[in-house]
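Residue numbers (this note's numbering), protein chains in the order written: chain B, 1 to 131; chain X, 132 to 674. Beta carbons are placed, not taken as given, at the ideal position from N, Cα and C, and that holds for glycine. Keep in mind it's a predicted model, so treat the numbers as computed, not measured. Inspection log for the structure reproduced underneath, given as structure tokens.
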């Protein structure tokens, strides 16, 4: 229960409807002790940022399989900064090509996860970043 | 472009009715009843169709090879379609971008990043006309993977055919138009469940009268399967959804035998070979019995379970991606041995990107090798009579029927979906599957077994798909130009007529949707008009 006491918002941003990965992460984070808020589909970056701040979460996980990750993750981070909470940590999961993975990390994303990574490794990574 | 000539040369009806022999010269019977081991069951093409819906299997007609494709602008997709037709593909399958699927015009702020990204943007009739330029709609069958806006896209296709001078009655193809599974797995819902069911019923009933060769719905388990559920669950949820549509159509005045023969199905095939084959054999039997015995359909056409498949999806891996060609080959063979009417084989780079022309070609060639070299389509149901296949068909039938009965006990699919029950079950399955892959109890070559020590093969190193970087901009420019050029008074008049009809419950909305499309009203405008009366679906997010 390494993530006990942590509060995490998991969101589907943009129009992409593939939510199996996001839902698996909701269940896995919950099993690891975190309190998880799942937004459901089709949220705007602004909605995600506002909800993250209203709920005072420790981290935001964004799931994208539509290919629009660079723009939508960037926009979510800008919104968080504009609303005065740039320190909220961002994680990204989904279909993310190798070159974009590094670009996201360079933008300040704290972890990029793909479907073939082990859940235990993903949870460890999040735990390290949040502790 | 010479698709017509190529299609004629490959016409399966011409080559396959001749006497076939094995390479050693042994004659191949259409159906070798005399050699049956064990119990003789139903004959092919006869109720309850375990062995297939046609007496001569693929001898009379091969399956349709239908590769899903579409990206960027209508021009780019049109070029890809012409390429695929020249390569011997026998039907088109259109992939739409997410704004088109979710009912937003390309200038809508929420659509900004996704115009033309995962499919082609078609926001109005002008784009639809460009999409099919130079393609004879009276000869090529077209499949549309669209659901939330299916009735609108169907209306737009009819309007495009009208303008091209193609009689509606000649159109062939399929529109997915299966909204129930969108709430469960694919996520392109727009309106609440019940008005969405009305749109489905209106389009199916309209198609019955006006486009007799065009399938107005393809009830799909594929996306639920890819989201995590098992083959048994895929079949049970899909057949239960089909019954929900049957009930809705009957409630809206449809005569069972007038529409039941028009329903078709769409499934995933994953790599467990025998389970996939037997899933289709079992589903054919269950559907035939339901339609004939429970619903009382009199026309044998109403008993037929006709289906297309997609091979690939979640069974493919990003690691060692060339292995995916082998997986897709196994899956496509299972589809053929299960009796599929159309097959889409995914490209090996599906886990990374929209396929390049090269990987799309390999995927199509995979089917052609199976069709022309393997010989498995030479005789009907070649696996029938196998102790394992017959056992597994029976057992899957039992399990599917049992699960369908469970769903009925909780009030049927519509209620179960509104409450999020099916969504929660599938999420649990996805998690179980992930845990099994992580701990190695489910072996995935290249992912948790036979991985390279040096980590090689974990990145895509083939050609990268590149779309026109200005695609979104040119879509938006054409969209703005259209709104300046069309007769906006006519558009408004059509939309207000639609609005009045949507406020009531009585009229079939299809004629009005077609009228809107002819006036160049956009998908976004039509959806906004309907949303004012119907509101939006509220997604149950509890897990």
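Checklist entry - Can you name, in chain order, every residue of its own chain whose Cβ lies under 7 Å from the Cβ of residue 55/B, other than the five neighbours on each side? => result 7, 9, 37
Checklist entry - Of all the residues that make up the stretch 51 to 79 of chain B, which are near chain X by a beta-carbon distance shorter than 7 Å? => result 66, 67, 68, 71, 72
Checklist entry - Under a three-way DSSP split, which group does residue 20/B fall into? => result helix
Checklist entry - When you check each C-beta in the stretch 591 to 624 of chain X against every C-beta of chain B, which residues fall closer than 9 Å? => result 591, 595
Next on the checklist: With distance defined between alpha-carbon atoms, name the residue in 294/X, 201/X, 349/X, 255/X nearest to residue 248/X.
Outcome noted: 201/X
Checklist entry - Helix, strand or coil: how does DSSP classify residue 490/X here? => result Assigned with DSSP and collapsed to three states, residue 490/X falls in helix.
Checklist entry - Which residue from 454/X, 518/X, 642/X puts its Cα closest to that of residue 581/X? => result With respect to the C-alpha of residue 581/X, the residue from 454/X, 518/X, 642/X having the closest C-alpha is 454/X.
Checklist entry - Opposite residue 436/X in the DSSP bridges: which residues? => result Paired residue(s): none; residue 436/X is not in a bridge.
Next on the checklist: Give me the chain X residues within the contact set of residue 23/B, using Cβ-Cβ distance strictly less than 7 Å, ordered along the chain.
Outcome noted: Under the 7 Å cutoff, chain X gives 558, 561, 674.
Item to check | Within chain B, the residues that residue 233/X reaches when beta carbons sit closer than 9 Å | outcome: 15, 17, 42
Checklist entry - If we ignore side chains and look at the alpha-carbon of each, how far apart do residue 536/X and residue 476/X end up? => result 33 Å
Checklist entry - In chain B, which residues lie less than 7 Å from residue 361/X when you measure between Cβ atoms? => result In chain B, no part has a C-beta under 7 Å from the C-beta of residue 361/X; the shortest such distance is about 14 Å.
Checklist entry - Under a CB-based cut-off of 9 Å, is residue 514/X close to chain B? => result So no, residue 514/X is outside the interface.
Checklist entry - In the structure shown, what three-state DSSP assignment does residue 497/X receive? => result helix
Item to check | Proximal chain B residues relative to residue 483/X, where beta-carbon distance stays under 8 Å | outcome: 95, 97
Item to check | Whole runs of the alpha helix (DSSP H) within the stretch 522 to 568 of chain X, excluding any shorter than 4 residues | outcome: 544 to 549
Checklist entry - For residue 346/X, which beta-bridge partners are listed by DSSP? => result 305/X
Item to check | Enclosing beta strand (DSSP E) for residue 99/B [first to last residue] | outcome: Element bounds for residue 99/B: not the beta strand (DSSP E) but the alpha helix (DSSP H), 98 to 107.
Item to check | Outcome for residue 255/X when other beta-carbon atoms lying within 10 angstroms are tallied against a minimum of 16 | outcome: buried
Checklist entry - Can you tell which of 304/X, 253/X, 277/X has its C-alpha closest to the C-alpha of residue 268/X? => result For residue 268/X, the closest of 304/X, 253/X, 277/X by C-alpha to C-alpha distance is 304/X.
Checklist entry - Nearest CA to the CA of residue 196/X: which residue from 224/X, 505/X, 365/X, 206/X? => result 224/X
Checklist entry - Which residue comes first and which comes last in the beta strand (DSSP E) that contains residue 660/X? => result If you look at residue 660/X, you'll find it isn't in any beta strand (DSSP E); it sits in the alpha helix (DSSP H) that goes 654 to 665.
Checklist entry - Should residue 457/X be labelled buried (16 or more other beta-carbon atoms within 10 Å of its own) or exposed? => result Here residue 457/X is exposed, its C-beta having fewer than 16 other C-beta atoms within 10 Å.
Next on the checklist: Please report the distance separating the alpha-carbon of residue 365/X from that of residue 480/X.
Outcome noted: 25 Å
Item to check | Ranges of the alpha helix (DSSP H) found wholly within the stretch 337 to 383 of chain X, counting only runs of at least 4 | outcome: 353 to 357, 362 to 382
Checklist entry - Would the stretch 179 to 190 of chain X and the stretch 208 to 222 of chain X be scored as touching if the rule is three or more Cβ pairs under 8 Å? => result no
Item to check | the stretch 393 to 411 of chain X / the stretch 559 to 567 of chain X touching (three or more Cβ pairs under 8 Å) | outcome: no
Item to check | Residue environment, residue 620/X, which counts as buried when at least 16 other CB atoms sit within 10 Å | outcome: exposed
Next on the checklist: Just checking: is the beta-carbon of residue 258/X within a distance shorter than 9 Å of some beta-carbon in chain B?
Outcome noted: no
Checklist entry - Considering only the beta carbon of each residue, do residue 203/X and residue 599/X sit closer than 9 Å? => result yes
Item to check | Validate contact between the stretch 516 to 535 of chain X and the stretch 403 to 416 of chain X using beta carbons, cut 8 Å, 3 pairs | outcome: yes
Checklist entry - What residue from 362/X, 217/X, 315/X has the CA that sits closest to residue 265/X's CA? => result 217/X
Checklist entry - How many Å lie between residue 469/X and residue 517/X at the Cα? => result 13 Å
Checklist entry - Per DSSP, residue 223/X forms a beta bridge with which residues? => result 273/X
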